[in-house]
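All remarks here apply to the structure that follows.
Chains as they are written, first to last, in the numbering used here: chain C, 1 to 304; chain A, 1 to 304.
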């Protein structure tokens, strides 16, 4: 229902066997990408997912390890004969970044649009998913992303009858329409039961821990979170460069209690993230240290 | 004496096991790079050569598969604590490209300079090597590069005596100094024998065949040349997109007679360049179809 892949898991610079951190989600035949460092198009090819249906790219911040792969990816999308526009979301200044990207990749068979994210928190809809960008705490303006699939209630025949809704309006109301009818404004809640649990994925990297990350990650289906360092002697480094350590992320997960938790954005100095996994699982048992290409398919609780 | 490595051999887009075409040369403790597509910094790391002593980058043309790796490479050079400036050479417009690169990679601990190559042919000196850029025939302005190590004659004692050169000036003149002495202008040729054969490498890709490529490659130590397609049914494609086929490059080599010849810039559709090697060697026996990371060390004829 919602496929999520971690294309790469590295921070700072791409390494021979570790691509830069980037996440792709597929939903209803479209896809979105979060971050695009150098080599992301190759990581995508290795995973075997197509870059053609990629309608939107969300950028967390403007450090090169999160944006330098844009020219190559857009060109490869162009070579796949895509003609539909692509929209790139990011902090204030994304227009200037896109302009620079288009100097390097000027000839594309599709339009590229950009949307600047404003303020501390901003919600919008992308490929049918509800996205909330929320500001985190890095050296430059940086956003984390909550991506969710909202899910309405079941159709409730008794409720529709009780509310006196004509049979012919049941279906459009169930599908979300708001209808003016004989002087009444009819809304979907008149025929639907209580909203059900949907799906929620949170992607937060290149930041110090913040209460907002915990709040958004609360009961998420998947929390993808920075684990730049495992070694305790790197704590100062993390604070100074505004990154997050594996223990700090584990503490967030313990509080937010997501169903799954993936570390990412490992420092080049963190050669074997697995070395720290046991210690982290003592704090949050569902912690995982995935490698490039790790993916999952999320579906609603009661769906088989 | 002159180390030459082909970091990647691919054209158009980086592939899981084929980096984009790019060539590094090391000489006297410095190095230069020709072209820098997405992933070149990883190719360099796989080869095991350092990016720190990289003083100059020569760009053939502004298609992304030759420039999109610049932001990442420069940042990684910055992370290696380099502080000396880096100069980037390229066709008219290289300043605008560098400006875009610096939007993506704004924070570097060294200066970046650019030099625009003018006209059909232009010679300059880089890290002690003599470079001649010459215009080739692609869809956009594109240069090939001849890189050479010039070599003076041996010191000739008899000649120095015959020319009445005082002993104390022998060494500086041998090293290339021009000296005003007692009303005479003394030049190195007064103490040196005939200039000896030096070293010459020619790098020509993204072009139709041109007489200038043959002329510059004449008796080169190494010709690195585009072999975009091996299949004969791609001849039209090559002409239309202004690329060179393997047979076309072999014909150039047969005429120019380089000591070694490396194909590069294979199309993503050319999965096994080796399949065409025998056919090419029938035209030019020293043709090679190297893979990424292929390298050689060139030295003067009479040096052990």
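Glycine included, every Cβ here is placed at the ideal spot set by N, Cα and C.
Unbroken alpha helix (DSSP H) run spanning residue i, endpoints
i	result
residue 162 of chain A	157-162
residue 171 of chain A	170-174
residue 179 of chain C	No alpha helix (DSSP H) holds residue 179 of chain C; the beta strand (DSSP E) holding it covers 179-181.
residue 72 of chain C	70-79
residue 264 of chain C	Careful: residue 264 of chain C lies outside any alpha helix (DSSP H), inside the beta strand (DSSP E) at 261-264.
residue 44 of chain A	40-47
residue 101 of chain C	94-104
residue 252 of chain C	246-256
residue 83 of chain C	Per DSSP, residue 83 of chain C belongs to no alpha helix (DSSP H) and is neither H nor E.
residue 132 of chain C	No alpha helix (DSSP H) holds residue 132 of chain C; the beta strand (DSSP E) holding it covers 129-135.
residue 216 of chain A	211-217
Residue i vs residue j beta-carbon contact at 9 Å
i	j	result
residue 228 of chain A	residue 216 of chain A	no
residue 213 of chain A	residue 186 of chain A	no
residue 60 of chain A	residue 87 of chain A	no
residue 57 of chain C	residue 34 of chain C	yes
residue 201 of chain C	residue 255 of chain C	no
residue 249 of chain C	residue 285 of chain C	no
residue 148 of chain C	residue 199 of chain C	yes
residue 92 of chain C	residue 116 of chain C	yes
residue 22 of chain C	residue 54 of chain C	no
residue 136 of chain C	residue 204 of chain C	yes
residue 169 of chain C	residue 181 of chain C	yes
residue 119 of chain C	residue 38 of chain A	no
Distance between beta carbons of residue j and residue i, contact taken as under 8 Å
i	j	result
residue 36 of chain C	residue 69 of chain C	4 Å
residue 6 of chain A	residue 265 of chain A	Contact doesn't hold; Cβ gap of about 10 Å is too wide.
residue 20 of chain A	residue 65 of chain A	5 Å
residue 94 of chain C	residue 104 of chain A	The Cβ separation is near 12 Å, so there is no contact.
residue 195 of chain C	residue 151 of chain C	7 Å
residue 51 of chain C	residue 77 of chain C	5 Å
residue 82 of chain A	residue 49 of chain A	Rounded, the Cβ-Cβ distance is 14 Å, inconsistent with contact.
residue 325 of chain C	residue 191 of chain C	In this structure chain C extends from 1 to 304, so residue 325 of chain C is not present and cannot be described.
Residue range of the unbroken beta strand (DSSP E) whose run includes residue i
i	result
residue 24 of chain C	22-27
residue 223 of chain A	222-226
residue 113 of chain A	112-116
residue 3 of chain A	2-8
residue 56 of chain C	54-58
residue 238 of chain C	From DSSP, residue 238 of chain C is part of no beta strand (DSSP E) but of the alpha helix (DSSP H) over 235-241.
residue 294 of chain A	294-298
Residue i versus residue j: straight-line alpha-carbon distance, rounded
i	j	result
residue 102 of chain A	residue 71 of chain A	7 Å
residue 15 of chain C	residue 252 of chain C	28 Å
residue 206 of chain C	residue 235 of chain C	14 Å
residue 3 of chain C	residue 239 of chain A	42 Å
residue 125 of chain C	residue 17 of chain C	34 Å
residue 246 of chain C	residue 283 of chain C	10 Å
residue 155 of chain A	residue 237 of chain C	57 Å
residue 10 of chain C	residue 291 of chain C	9 Å
residue 299 of chain A	residue 75 of chain A	33 Å
residue 1 of chain C	residue 274 of chain A	44 Å
residue 302 of chain A	residue 193 of chain A	15 Å
residue 231 of chain A	residue 267 of chain A	11 Å
residue 62 of chain A	residue 24 of chain A	18 Å
residue 296 of chain C	residue 226 of chain C	18 Å
residue 171 of chain C	residue 233 of chain A	57 Å
residue 8 of chain C	residue 97 of chain C	22 Å
residue 218 of chain C	residue 46 of chain A	41 Å
residue 127 of chain A	residue 289 of chain A	28 Å
residue 184 of chain C	residue 123 of chain C	30 Å
residue 307 of chain A	residue 130 of chain A	As displayed, chain A neither begins before 1 nor continues past 304, which places residue 307 of chain A out of reach and without an answer.
residue 153 of chain A	residue 133 of chain A	26 Å
residue 44 of chain C	residue 287 of chain C	24 Å
residue 315 of chain C	residue 159 of chain C	In this structure chain C extends from 1 to 304, so residue 315 of chain C is not present and cannot be described.
residue 241 of chain A	residue 211 of chain A	19 Å
residue 85 of chain C	residue 114 of chain C	10 Å
residue 269 of chain C	residue 79 of chain C	36 Å
residue 197 of chain C	residue 28 of chain C	19 Å
The ligand SAM heavy atom lying under 8 Å from the CB of residue i
i	result
residue 276 of chain C	As presented, the structure is devoid of all ligands, the ligand SAM included, so that no description of it is given.
> Touching or not, the segment 268-287 of chain C and the segment 168-177 of chain C, by the rule of three or more beta carbon pairs under 8 Å?
Replying inline: no
> Is the segment 97-112 of chain A touching the segment 133-152 of chain A in the sense that three or more CB pairs, one from each, lie closer than 8 Å?
Replying inline: no
> Going along the chain, which residues of the segment 68-85 of chain C sit with their C-beta nearer than 8 Å to a C-beta in chain D?
Replying inline: This model lacks chain D altogether; the protein chains it does include are C and A.
>> Would you call the segment 219-236 of chain A in contact with the segment 257-276 of chain A, where contact means no fewer than 3 C-beta pairs closer than 8 Å?
In response: yes
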